[in-house]
Amino acid sequence: MKEHASALIRAAVLAVALGAASHVRAQDAPVPPTPEAGRKAYTSYCVRCHGINLAVSSSAFYDLRTFPKDDKTRFVESVTQGKRAMPAWGGILKPGELEAIWAYVGSVNGW
Ligand code: HEC
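In mature numbering (1 follows the signal peptide of the UniProt record, and there is no 0), the protein residues as written are -26 to -1, 1 to 85.
Take a look at the structure:
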């Protein structure tokens, strides 16, 4: 009986430990570089300035529909470090989100 109870406790402790570990892994897991994941990140961080489906409402904001598809380096630098009125996103984006947003911009622009 005692043996049985301690086995149950061990199983419960293990389940909690595994649950905690998988929780940490889920948070740290990089966002997949898919347009769909990028759309979500874009909606969280970028849409308020760059507009729904990249359609800007004001010329004060850069029109991402005109971003050159062969200049990913510039995209990465501008987004990571910021540019004039645009804040820097380097410390805010989760791993993989920048790549995903690039894929999303490409999918909207038909690249
Ligand atoms: C607070 C408003 C604001 C938000 C939010 C914002 N941007 Fe911007 N963004 C700007 C402005 C303003 C510019 C124009 C900067 C300039 O050239 O003066 C710009 C420019 C850009 C450019 C062009 C940079 C270049 O090299 O010319 C890219 C790419 C860009 N934004 C991507 C993003 C992405 C991706 C996000 C979300 C992670 C985002 N922006 C969020 C305001 C914003």
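The C-beta atom is built at its ideal place from N, Cα and C for all residues, glycine as well.
Measure the C-alpha to C-alpha separation of residue i and residue j and round it to an integer number of angstroms.
| i | j | result |
| --- | --- | --- |
| Y36 | A3 | 30 angstroms |
| E10 | A74 | 8 angstroms |
| V53 | S32 | 19 angstroms |
| R48 | K57 | 11 angstroms |
| A62 | Y19 | 11 angstroms |
| V79 | A59 | 20 angstroms |
| S81 | T17 | 15 angstroms |
Determine, using beta carbons only, whether residue i and residue j come nearer to each other than 8 angstroms.
| i | j | result |
| --- | --- | --- |
| A77 | G25 | no |
| V50 | L72 | yes |
| K43 | N83 | yes |
| G64 | Q55 | yes |
| A34 | L67 | no |
For residue i, which three-state DSSP category applies?
| i | result |
| --- | --- |
| K46 | helix |
| K14 | helix |
Quick test of your reading: residue i and residue j, contact by CB under 8 angstroms. State the CB separation rounded to the nearest angstrom.
| i | j | result |
| --- | --- | --- |
| V5 | G70 | 4 angstroms |
3 or more residues per run - each beta strand (DSSP E) lying fully within the segment 32 to 83: none
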